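As structure tokens, the structure follows; a few thoughts come after it.
2 protein chains.
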Amino acid sequence: MHIADQIQAQIEANHSIACIGLDPRPHLIPSTVKQRCLAEHGDTPQAVGAAFSLFNRSILEAVAGHCAAIKPQVACYEAYGIAGMQALEESLIHARALNIPIILDGKRNDIGSTAAHYQQAWLGTAPGLGDDSTCENAWRSDWLTVNGYLGSDGIEPFLDPQSETGIFVLVKTSNPSSADLQGQKCGDEQVMHAMAKLVHQWGSGREGACGLTDVGAVVGATWPAEAQALRTLMPNTLFLVPGYGAQGGTAADALAGQRSDGTGLLINSSRAILAAWQQEGWADDDWAGAARAALEAMNDDLNAER
Amino acid sequence: MHIADQIQAQIEANHSIACIGLDPRPHLIPSTVKQRCLAEHGDTPQAVGAAFSLFNRSILEAVAGHCAAIKPQVACYEAYGIAGMQALEESLIHARALNIPIILDGKRNDIGSTAAHYQQAWLGTAPGLGDDSTCENAWRSDWLTVNGYLGSDGIEPFLDPQSETGIFVLVKTSNPSSADLQGQKCGDEQVMHAMAKLVHQWGSGREGACGLTDVGAVVGATWPAEAQALRTLMPNTLFLVPGYGAQGGTAADALAGQRSDGTGLLINSSRAILAAWQQEGWADDDWAGAARAALEAMNDDLNAER
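Listed below in structure tokens is the structure:
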């Protein structure tokens with residue numbers, strides 16, 4: 001099944017365009033989990049990895065069937081080396097078992113032959129050591145975020161016609177300094193518009209039955225006017241929208257880039273879901289219940305505006 | 001010691017501006033290593049990781065004292081999951097033991113708070129699970145390549161005034177399609193010039209005694225005219241130059257961006273060094289000797305033109 005149709009089916013079945021940013025950090029871990037992992041592993045990276053894995057497991061079970069996708073941020077895991085990557089691997093395996101689509105937020109990028117290795121790491125299989133052998137990949141995800149600064153040959157390895165995977169290319173990011181380069185005037189346009197045109201071109205002819213392609217775009221919720229302009233340049237592109245909630249984007253801001261039929265968007269939230277247990281009224285050990293309630297509030301907020 | 005002075009000292013001591021791209025791939029592994037690892041681990045990612053680690057170990061010992069730095073390409077290791085990252089970790093530990101400066105080629109990038117986690121992964125320490133604890137980082141490198149498309153707040157986490165580490169920001173990459181975005185006209189200039197100005201600004205006031213800053217730039221050897229133009233925009237910037245040799249850049253091309261005193265460059269070569277044993281005249285099990293001879297030829301080629 002075309003990867004865009006797959007996520008569209010998930011959106012419709014779950015009545016949710018929410019994507020859960022699975023970005024654990026030590027200060028987001030409830031004290032019961034902390035104590036247990038410190039007792040078992042000492043104050044080590046292994047303790048952090050074990051805590052991330054335990055924490056994520058309950059979050060995944062709480063959000064399965066109520067969101068469109070999860071989006072683990074690789075940096076959060078990479079910061080803890082092998083132990084962190086093991087926690088990510090365990091979470092990816094668990095998400096797959098729960099049938100939650102996975103958007104791997106790695107913002108990977110390189111020149112052609114090397115970009116192929118990132119494709120192998122996150123979306124494909126890598127050549128093995130034996131003749132014509134391949135290595136099955138435990139980190140297999142459905143989508144990968146990529147940075148298109150290097151141009152077409154760095155993107156092509158992700159566009160294998162056989163693969164049922166997709167990418168999201170950074171176009172307009174949600175951060176305050178995104179205008180430093182993305183907003184520079186480029187002829188009559190801005191750099192982000194040049195990138196948007198490339199994204200449209202890369203996805204051209206790759207539409208699923210839903211009309212969306214497997215080459216998506218990252219378009220921050222903190223820039224609603226820009227999102228509308230970018231939609232006209234990328235009519236068939238699925239937008240992955242970070243910046244809703246904790247970063248300041250409202251539901252209306254986040255939805256600014258939707259297509260006329262209300263499709264074409266995935267809205268990400270991380271801190272508001274993972275740290276929901278820190279809000280008043282929640283017991284320290286009910287982080288999963290708090291996350292589920294925060295997700296339901298997010299779904300209601302977004303669905304009311306769609 | 002300022003990280004730019006450190007690499008400058010290495011360049012002078014070793015009479016070399018060569019950087020060895022430590023980018024192992026199954027087809028670059030000699031059959032003796034392949035057989036040994038397949039016998040020990042079967043045809044698994046673990047076999048690939050073990051082969052990379054063994055192969056790299058001899059390469060590192062062959063080039064130590066004769067190059068300016070090594071540059072492992074993370075994608076090559078990431079393609080094999082945990083097993084690949086363990087091989088990278090072992091190679092980084094061995095390189096540190098041999099006092100070879102490490103440029104980690106990860107082209108990492110994200111918004112501010114997340115970019116901080118990439119800094120923790122590759123250049124710093126991450127917060128631990130215990131109160132005020134930190135996790136020592138086995139992947140600690142000296143420099144990290146980064147992608148500046150997200151702007152200043154994605155770069156700032158790498159510019160801790162206390163850190164004795166550096167970054168190389170992608171400006172003009174060596175690949176054929178680099179003009180797709182980097183060459184787009186931006187007012188009177190091109191996108192890469194806007195990026196070059198940001199790099200100059202990010203490094204400003206951060207010069208070491210050698211006059212170079214800890215905010216370097218990636219400038220491909222395949223674009224000599226562009227390298228000269230970029231040097232005027234980034235007078236105090238260390239250029240990391242890929243594309244020499246296998247990708248087609250000559251010594252003169254690679255050196256086009258040097259400062260008037262002949263400093264300011266690191267020239268990378270990967271395939272020509274790692275695959276040297278596949279050239280006629282070398283025994284299959286002397287990949288290290290072949291690499292060392294190829295490095296000496298590279299040093300001679302570059303030093304004759306400097």
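Quick mapping for you: the protein sequence lines, in order, are chains A and B.
Residue 272 in the working numbering sits at position 272 of the first sequence, with consecutive numbering throughout.
Residue 45 in the working numbering sits at position 45 of the second sequence, with consecutive numbering throughout.
Quick reminder that beta carbons are idealized off the backbone N, C-alpha and C, glycines included.
Predicted model, so just to flag it, every value in this text is computed and none were measured.
Name the one or two DSSP bridge partners that I103/A has. W143/A
DSSP three-state call for Q258/A: helix, strand or coil? coil
Anything in chain A within Cβ reach of I29/B, meaning under 8 Å, just list it in chain order. L129
Which residues in the same chain have their Cβ closer than 6 Å to the Cβ of Q120/A, if we skip the five residues on either side of it in sequence? A126
Which parts of the segment 27-107 of chain A are runs of the beta strand (DSSP E), unbroken and 3 residues or longer, counting only runs that do not cross its ends? 69-72
Inter-stretch contact (C-beta, 8 Å, three-pair minimum) for the segment 44-55 of chain B and the segment 100-108 of chain B: no
A275/B and L28/B - do their beta-carbons sit closer together than 8 Å? yes
Look up E164/A in the DSSP assignment and say whether it is helix, strand or coil. coil
For N303/A, is the classification buried or exposed, using 16 other Cβ atoms within 10 angstroms of its Cβ as the cut-off for buried? exposed
For chain B, find out if any of its Cβ atoms is closer than 8 Å to the Cβ of M195/A; answer yes or no. yes
For a cutoff of 8 Å on Cβ pairs, would you count N109/B as touching chain A? yes
Between the C-alpha atoms of P176/B and A254/B, what's the straight-line distance to the nearest angstrom? 16 Å
Buried or exposed: which applies to D261/A, given that a residue is buried once 16 or more other Cβ atoms fall within 10 Å of its Cβ? exposed
Stretch-stretch touch, CB-based, cutoff 8 Å, three pairs: the segment 164-182 of chain A with the segment 239-250 of chain A: yes
Where does H193/A land, buried or exposed, given buried means 16+ other C-beta within 10 angstroms? buried
Given a cut-off of 8 Å on the beta-carbon distance, is the pair N147/B and K197/B in contact? no
Contact defined as beta carbons within less than 8 Å: I believe L266/B pairs with C19/B. What is the distance between those atoms, to the nearest angstrom? 5 Å
Under 9 Å from the C-beta of T237/B: neighbouring residues of chain A: Residues of chain A passing the Cβ test: none, with the nearest at roughly 17 Å.
Could you spell out the range, first to last residue, of the beta strand (DSSP E) harbouring G21/B? A18 to L22
Quick check on A283/B: does DSSP put it in helix, strand or coil? coil
Is D214/A buried or exposed, if buried means 16 or more other CB atoms sit within 10 Å of its CB? buried
Got a sec: which bits of the segment 166-194 of chain B sit with their beta carbon under 8 Å from any beta carbon on chain A, in order along the chain? L170, T173, S174, N175, P176, S177, S178, A179, D180, L181, Q182, Q184, K185, C186, G187, V191 and A194
For N109/B versus C67/B, is the C-beta spacing smaller than 8 Å? no
Comparing the C-beta of G258/B with each C-beta of chain A, is any distance below 8 Å? At residue 258/B the sequence reads Gln, which differs from the Gly that was named. Judged by the 8 Å Cβ criterion, Q258/B is not in contact with chain A.
If we cut at 8 Å on Cβ distances, does C210/B have a partner in chain A? no
Roughly how many angstroms lie between the CA atoms of Y77/A and Q46/A, to the nearest whole one? 11 Å
Can you give me the C-alpha to C-alpha distance between A69/B and Q8/A, rounded to a whole angstrom? 48 Å
Proximal chain B residues relative to D160/A, where beta-carbon distance stays under 9 Å: Going along chain B, no residue has its Cβ under 9 Å from D160/A, so there is no contact; the nearest lies around 15 Å.
Give the single residue among A246/B, E207/B and G281/B whose Cα lies nearest to the Cα of A221/B. A246/B
Using the beta-carbon count (16 or more within 10 Å), is P26/A buried or exposed? buried
Among A115/B, G130/B and R96/B, which has the Cα closest to the Cα of W139/B? R96/B
Comparing the C-beta of D285/A with each C-beta of chain B, is any distance below 8 Å? no
Rounded straight-line distance, which links the Cα of C186/A to that of L230/A: 15 Å
Give the DSSP-derived three-state secondary structure of E296/B in the structure shown. helix
P224/B versus chain A: which residues are under 9 Å apart at the beta carbon? Those within 9 Å of P224/B in chain A number zero; the least Cβ separation is about 18 Å.
Any heavy atom of the ligand ZN closer than 7 Å to the beta-carbon of L238/B? Summarising the ligand content, the structure contains no ligands, and the ligand ZN is consequently not present.
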